[in-house]
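Asker: Sharing a structure here in structure tokens format.
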Amino acid sequence: MVKSPRENRDQIRMTFEETESFRALCGRQDEHLKFIEKKLGVRLTTRGNQITIKGESYTAALVEITLKQLYQLSLHGYPLHANDVDRALTLLMADRSADLAGIFMENVYVPSATRFIAPKSPRQKDYIDAIRSHDIVFGVGPAGTGKTYLAMAMAVSALMNREVNRIVLTRPAVEAGEKLGFLPGDLVEKVNPYLRPLYDALHDMMDTDKAHKLVENGEIEIAPLAFMRGRTLNGSFVILDEAQNTTREQMKMFLTRLGHDSRAVITGDLTQVDLPESKVSGLVHAIGILDGIEGIHISRFQSTDVVRHPLVQKIIDAYENDTARDTRP
113 MVKSPRENRD
123 QIRMTFEETE
133 SFRALCGRQD
143 EHLKFIEKKL
153 GVRLTTRGNQ
163 ITIKGESYTA
173 ALVEITLKQL
183 YQLSLHGYPL
193 HANDVDRALT
203 LLMADRSADL
213 AGIFMENVYV
223 PSATRFIAPK
233 SPRQKDYIDA
243 IRSHDIVFGV
253 GPAGTGKTYL
263 AMAMAVSALM
273 NREVNRIVLT
283 RPAVEAGEKL
293 GFLPGDLVEK
303 VNPYLRPLYD
313 ALHDMMDTDK
323 AHKLVENGEI
333 EIAPLAFMRG
343 RTLNGSFVIL
353 DEAQNTTREQ
363 MKMFLTRLGH
373 DSRAVITGDL
383 TQVDLPESKV
393 SGLVHAIGIL
403 DGIEGIHISR
413 FQSTDVVRHP
423 LVQKIIDAYE
433 NDTARDTRP
């Protein structure tokens with residue numbers, strides 16, 4: 113239980129009863145409290161199991177709400193990290209009625225020994241819910257919003273729970289300023305660099321030996337999109353990454369590979385199309401004609417959903433503003 117008697121309009125004193133959860137709330141050497149101070153310009157002091165908040169009344173009240181909700185997460189066993197504090201502030205600054213527990217505690221259970229894999233924003237939670245309830249889901253938005261990572265987590269969870277027989281991970285091998293012909297090796301070796309991000313996400317979620325074994329026995333397949341032609345994928349969880357670089361024909365080919373007891377997640381960033389100007393992105397086209405069809409869901413992420421370094425969100429916003437200026441009449 114948290115007690116917060118107000119001494120005046122700009123000072124709030126909070127008392128936390130459970131010592132270990134209080135320590136987790138504060139962070140190592142009070143790093144979480146220092147982060148809040150720096151971001152919101154308030155003063156936080158601790159004494160025993162108490163935190164005193166000093167600042168403008170509006171901001172102090174926001175900090176109070178944030179600390180209460182983070183403390184409740186800690187009480188329920190959620191391991192608080194600095195990025196969780198940052199995400200909590202961002203969510204509650206946008207909507208003070210946001211329920212952090214309803215978002216952060218929505219864990220995807222995969223064999224990860226290091227941390228929970230959980231949504232960090234309402235859109236990420238909606239995305240996970242959509243993957244659970246729809247056979248085809250599009251995740252569209254900037255880099256760093258967790259589109260591919262969360263889809264991968266859901267795929268691994270489904271495989272481990274025997275909901276599907278295999279995972280198929282694919283990307284189009286589209287050149288972005290470099291020529292495939294300059295790379296050494298045969299075709300498979302040439303396209304492997306394009307598939308590296310999928311391997312990285314997979315190895316982040318499970319033991320490397322376990323991942324290699326699943327790849328070797330065919331339960332996990334990682335291949336360029338061209339290898340999907342002519343196949344029917346039954347009992348599979350299929351992820352198409354970097355889908356903005358598919359053509360209309362490739363996207364149609366991919367979507368029509370889906371067989372019985374299968375589901376697909378298609379991810380992409382519409383601002384990162386590397387196709388020639390004469391080619392229409394298959395992702396853009398698909399969203400335009402498939403939106404509203406029952407069984408298909410489109411999740412649209414924004415820069416506020418970025419969960420990488422805090423500067424990434426600012427960089428994305430800067431580029432979007434610059435593009436808006438360039439297209440202004």
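Under the working numbering, the first residue of the sequence shown is numbered 113, with each subsequent residue one higher.
Using N, Cα and C, we set each Cβ at its ideal position, and we do this for glycine too.
Remember, it's a predicted structure, so these values are computed and weren't measured experimentally.
Could you check where the beta strand (DSSP E) with Gln-162 kicks off and where it finishes?
Answerer: 162-166 is the span of the beta strand (DSSP E), which, as asked, contains Gln-162.
Asker: What is the rounded straight-line gap between the Cα of Gly-297 and the Cα of Leu-387?
Answerer: Here the model assigns Gly-297 a pLDDT of 49, short of 50, so the residue's position is not dependable and the matter cannot be decided.
Asker: Name the two residues that bound the continuous beta strand (DSSP E) containing Pro-336.
Answerer: Pro-336 -> beta strand (DSSP E) spans 332-336.
Asker: Take Ala-267 as the anchor and find which of Ile-399, Ser-233, Ala-323 has the nearest alpha-carbon.
Answerer: When each option's Cα is compared against that of Ala-267, the closest is Ala-323.
Asker: Quick one: Cα of Ala-263 to Cα of Asp-198, how far?
Answerer: One C-alpha to the other measures close to 23 angstroms.
Asker: Between the Cα of Gly-407 and the Cα atoms of Ile-163, Ala-376, Val-418, Thr-383, which residue gives the shortest distance?
Answerer: Of the candidates Ile-163, Ala-376, Val-418, Thr-383, the one whose C-alpha sits nearest the C-alpha of Gly-407 is Ala-376.
Asker: With distances taken between CB atoms, is the gap from Gly-251 to Phe-413 smaller than 8 angstroms?
Answerer: It is a contact, given that the beta carbons lie within the stated cut-off.
Asker: Taking DSSP as the reference, what is the three-state secondary structure of Gln-384?
Answerer: Coil.
Asker: Tell me, which residues are paired with Arg-125 by DSSP?
Answerer: Paired residue(s): Thr-164.
Asker: I'd like the span of the beta strand (DSSP E) that includes Thr-282, first residue to last.
Answerer: Start and end: 278-283.
Asker: Return helix, strand or coil for Phe-413, following the three-state DSSP convention.
Answerer: Correct three-state label for Phe-413: coil.
Asker: Comparing alpha-carbon positions, which option in Lys-146, Met-205, Ile-334 lies nearest Arg-308?
Answerer: Answer by Cα proximity: Ile-334.
Asker: Assign Glu-129 to one of two classes, buried (16 or more other C-beta atoms within 10 Å of its C-beta) or exposed (fewer than that).
Answerer: Exposed: under 16 other Cβ atoms inside 10 Å.
Asker: Could you give the distance in angstroms between the alpha-carbon of Ser-393 and the alpha-carbon of Thr-359?
Answerer: Taking the straight line joining both Cα atoms gives about 5 angstroms.
Asker: If you drop the 5 nearest sequence neighbours on each side, which residues of the same chain put their C-beta closer than 7 angstroms to that of Gly-256?
Answerer: Within the same chain, Gly-256 has close Cβ partners Val-418, Val-419, Arg-420, Val-424.
Asker: When the distance is taken between beta carbons, is Ala-210 closer than 8 angstroms to Pro-234?
Answerer: Cβ distance < 8 angstroms, so Pro-234 and Ala-210 count as in contact.
Asker: Buried or exposed: which applies to Gly-289, given that a residue is buried once 16 or more other Cβ atoms fall within 10 Å of its Cβ?
Answerer: Interpretation of Gly-289 is limited by its pLDDT of 38, a score under 50 that renders its predicted location unreliable; no figure is taken from the coordinates.
Asker: Would you check if the region 314-323 and the region 348-355 touch, i.e. whether three or more CB-CB distances between them fall below 8 angstroms?
Answerer: Result no; under three Cβ-Cβ pairs closer than 8 angstroms.
Asker: Taking C-alpha atoms, which residue in Glu-361, Leu-145, Thr-164 lies nearest to Asn-195?
Answerer: Selected option, being the one with the closest Cα: Leu-145.
Asker: May I ask you to verify whether the region 138-154 touches the region 177-197, counting CB pairs closer than 8 angstroms and requiring at least 3?
Answerer: The region 138-154, when compared against the region 177-197, does touch it at the 8 angstroms Cβ threshold.
Asker: Hey, out of Lys-259, Phe-339, Ile-229, whose CA is closest to Ala-242's CA?
Answerer: Answer by Cα proximity: Lys-259.
Asker: For the beta strand (DSSP E) holding Leu-352, just list the boundary residues, first then last.
Answerer: 348-352 is the extent of the beta strand (DSSP E) around Leu-352.
Asker: Give every residue of the same chain whose Cβ lies closer than 7 angstroms to the Cβ of Lys-291, excluding the five residues on either side of it in the sequence, and list them in chain order.
Answerer: Bear in mind that the predicted position of Lys-291 carries a pLDDT of just 44, short of 50, making it unreliable; the figure below should be weighed with that in mind. Nothing meets the Cβ criterion.
Asker: Taking 8 angstroms as the limit between beta carbons, can you name the residues of its chain near Pro-231, skipping five residues before and five after?
Answerer: Counting only Cβ-Cβ distances below 8 angstroms, and skipping sequence neighbours, we find Ile-215, Phe-216, Glu-218, Lys-237, Tyr-239, Ile-240, Gly-258, Leu-262.
Asker: List the DSSP bridge partners of Leu-370.
Answerer: DSSP, once it has assigned bridges, lists Leu-345 as partnering Leu-370.
Asker: Identify the continuous alpha helix (DSSP H) that holds Leu-443 and give its terminal residues.
Answerer: Shown here, the chain extends from 113 to 441; a query on residue 443 therefore has no answer.
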